[in-house]
Amino acid sequence: MSKRFYITTAIDYVNGSPHVGNAYEKVVADTIARSRRSLGQETFFLTGVDEHGQKVQQAAAAESKEPQVYCDELATIWQALAKKLELSNDDFIRTTQPRHEAIVKAIVSQLHASGHIYKATYEGYYSLKEETFLTEKDRGPDGKFDPAYGEVVRLKEDNYYFRLKDQQAWLIDYIERNPSFIHPESRRNETLGFLKTRELEDLCITRPTARLSWGIPLPFDPNYVNWVWFDALVNYISVPAALGDPALANLPFVQSAVRSHAPTRQAPHAPPAPPSLWPPDIHVIGKDIVKFHAIYWPIMLKAMGASLPKQILAHGFWQKDGEKISKTTGNTVDPIAVADEWGVDAFRFYVLRELDIGPDGNWTDAGFRSRYQDELAHDLGNLVNRSLSMLNRYRNGVVPTASNELAAEVEKITSATKAHLEQNELQAALQTIWSLVRRGNQYVDHTAPFKLAKDPAQGPRLDEVLYNLAELCRILAVLLWPFLPSTASKIYAQLGLNAAPDKFDATRWGGLEQGHTIGTPAALFPLKEE
Ligand code: ME8
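Residue 10 is where the sequence shown starts when you use our numbering, and the numbers rise one by one after that.
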């Protein structure tokens, strides 16, 4: 069976409710997944939640709840977000699921047995907030630890360590030989700079149960649980392994997990034949966790004997009104509330159109409203509504003889859009699509069908114009489907088409047939009172 395009998101900590940054990442990954499917690639899209670690244990304690009870409640909220955002994910991982825990345990056991993990005593500094050990090298020029580390305490503790020390050279070489491994280039340079100027320290991958109990137990030492990152990163491989990915079947940890925890196939919607997924094509993550994905994760995979992901795609951070998003100050954007008020596609459109994948972005309510009014309601909504309303009014909704007046222009735009989709250039793809939306409106203004309709001698010309407009709307639906799935489906329904607009091939001119009767036009993006 051929390998599917395998795309993942970071798994969110369930220590609070989702904000625009979490939702943006999921929408980016979903749009890429839908684009690939539309272009004919079999695709598997994985997202989920990260339930272990100190942050979650503390959040549960703050609500006087057992961690598992707390996680079950929060997981429901995050799954509802995935639904609300219309994510087309094929699976949803929770790191407390037995299928995941089995693989994490099998991996640490394998790495321990093969000498990649050893026990040692540490004495030094520890950041409670970041759950990480610090060294003198982590002090800034002023001698202090970065405030991002929060409270830093002295600690003496036995723990297990994963060997990173001698792994630097091959990783530098790998990143240099694979220019698209870390994208965008700024993050690649940052990672290479880090690797070339600092020596990697072995990584502490356990926490004593006396200090932190909410984690996956270390199978060979009951006094420890796995450090949350060593558990979380594994999600990307635990799901394919649990689904029976043939590309992973020969790895020792997969075999031992299957032996001790069979059956591991627990995904509710697992297809009958195990999908071939490994290695991942894209890990979509935020810029703050590049080190974990571009340094620790490849080294872990090499030690496990698994091949490396093809790309780490790091997006920027959202701010709100120029300030950091923070729940404590209330400076946040609730994606569910936005989707409820304006429709999910308005949310998806704003974040994808506003921000290219890489730089930081700034959410403003004024900016959101103006994109809604200008680009969605005025440009797109109007084009579709007037095109279909005129077809109804002047031709009883019956598609006239085919005409290809706009075919060449449309073909240029569709191939440019395709090229952008193949490069994951989502913002540029939307800009390109909007040039077609605007061309459509200009065509209405230039051809003035409402005037043509008054002159019976212009009947054939009116037929041409109406055909071109209806066909343009149909093609726009197909182009928009990865970005605005509901809107695309609504356009198809208004055109009276039963199929889904989910195959890029359908952008070929001439899909609407003469004599076909369209459905009922309705406003796609109703204007709101100020
Ligand atoms: O880091 N703008 O979880 P998390 C854009 N559990 N993206 C943002 C953001 C913002 N303001 N704030 C957060 C974790 N993100 C780990 C991941 S993966 C094996 C484990 C992004 O809940 C952040 O960069 O803190 C990350 O990609 C995702 O949201 C989850 O963040």
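The beta-carbon is built from N, C-alpha and C at its ideal position, and this holds for glycine as well.
*Which residues mark the beginning and the end of the alpha helix (DSSP H) in which Glu82 is found?*
Taken as a continuous stretch (DSSP letters only), the alpha helix (DSSP H) holding Glu82 covers 76-93.
_C-beta atoms of Trp236 and Thr215 nearer than 8 Å_ = In contact: Trp236 and Thr215 (Cβ atoms closer than 8 Å).
*Rounded to whole angstroms, what's the CA-CA distance from Glu208 to Asn187? Just pull it up for me.*
Each residue's alpha carbon lies about 22 Å from the other.
*Rounded C-alpha distance that separates Val161 from Tyr15*: Those two C-alpha atoms are separated by around 39 Å.
_Distance CB(Asn477)-CB(Tyr452) smaller than 8 Å_ = Taking 8 Å as the Cβ cut-off, Asn477 and Tyr452 qualify as a contacting pair.
*asked:* Extract the residue ranges of the beta strand (DSSP E) inside the region 227-304, only unbroken runs of 3 or more that lie entirely within it.
replied: Runs of the beta strand (DSSP E) lying entirely within the region 227-304, each at least 3 residues long, are 230-235, 291-295 in chain order.
_Can you list, in chain order, the residues of its chain with a C-beta nearer than 6 Å to that of Thr423? Leave out the 5 residues immediately preceding and following it._
Counting only Cβ-Cβ distances below 6 Å, and skipping sequence neighbours, we find Thr516.
_Once the 5 residues before and after Ile321 are set aside, which same chain residues still bring their CB inside 6 Å of it?_
Cβ neighbours of Ile321 within its own chain (closer than 6 Å, five residues either side excluded): Ile191, His292, His302, Ala303.
*Per the contact definition of three or more C-beta pairs closer than 8 Å, is the region 376-392 in contact with the region 463-475?*
Judged by pairs of C-beta atoms under 8 Å, the region 463-475 does not touch the region 376-392, as fewer than three such pairs exist.
*Should Gln176 go down as buried or exposed, given a rule of 16 or more other Cβ atoms within 10 Å for buried?*
Buried is the call here.
*When burial is assigned at 16 or more other CB atoms within 10 Å of the CB, is Asp369 buried or exposed?*
Exposed is the call here.
*When DSSP labels each residue in this structure, what does Asn340 get in the three-state scheme?*
For Asn340, the secondary structure class from DSSP, reduced to helix, strand or coil, is strand.
*DSSP three-state call for Thr218: helix, strand or coil?*
DSSP places Thr218 in the coil class of the three-state scheme, outside both helix and strand.
*Segment contact flag, the region 93-101 with the region 343-358, C-beta cutoff 8 Å, min 3 pairs*: Taking one beta carbon from each stretch, the region 93-101 and the region 343-358 have 3 or more pairs nearer than 8 Å; the two touch.
*How would you write the range of the beta strand (DSSP E) that Lys165 sits in, first residue to last?*
Counting along the chain, the beta strand (DSSP E) containing Lys165 begins and ends at 161-171.
*Which whole-angstrom value is the C-beta distance of Thr56 and Cys80, which I expect to be below 8 Å?*
The C-beta separation of Thr56 from Cys80 comes to about 16 Å, leaving the pair out of contact by the 8 Å criterion.
*Straight-line CA distance for Glu60 to Ser247?*
Distance between the alpha carbons of Glu60 and Ser247 is about 15 Å.
*Starting from the Cα of Lys12, find the closest Cα among Pro249, Ser73, Ser269, Val474 and give me that residue.*
Across the set Pro249, Ser73, Ser269, Val474, the C-alpha of Pro249 shows the shortest separation from the C-alpha of Lys12.
*Check each candidate in Gly519, Glu140, Glu431 and name the one with the smallest Cα separation from Leu481.*
Checked all of Gly519, Glu140, Glu431; the closest Cα to Leu481 is Gly519.
_Just verifying my parser: in three-state terms, what is the DSSP assignment at Ala457?_
DSSP places Ala457 in the coil class of the three-state scheme, outside both helix and strand.
*Per DSSP, Gly202 forms a beta bridge with which residues?*
Among the bridge pairs identified by DSSP, Gly202 is matched with none.
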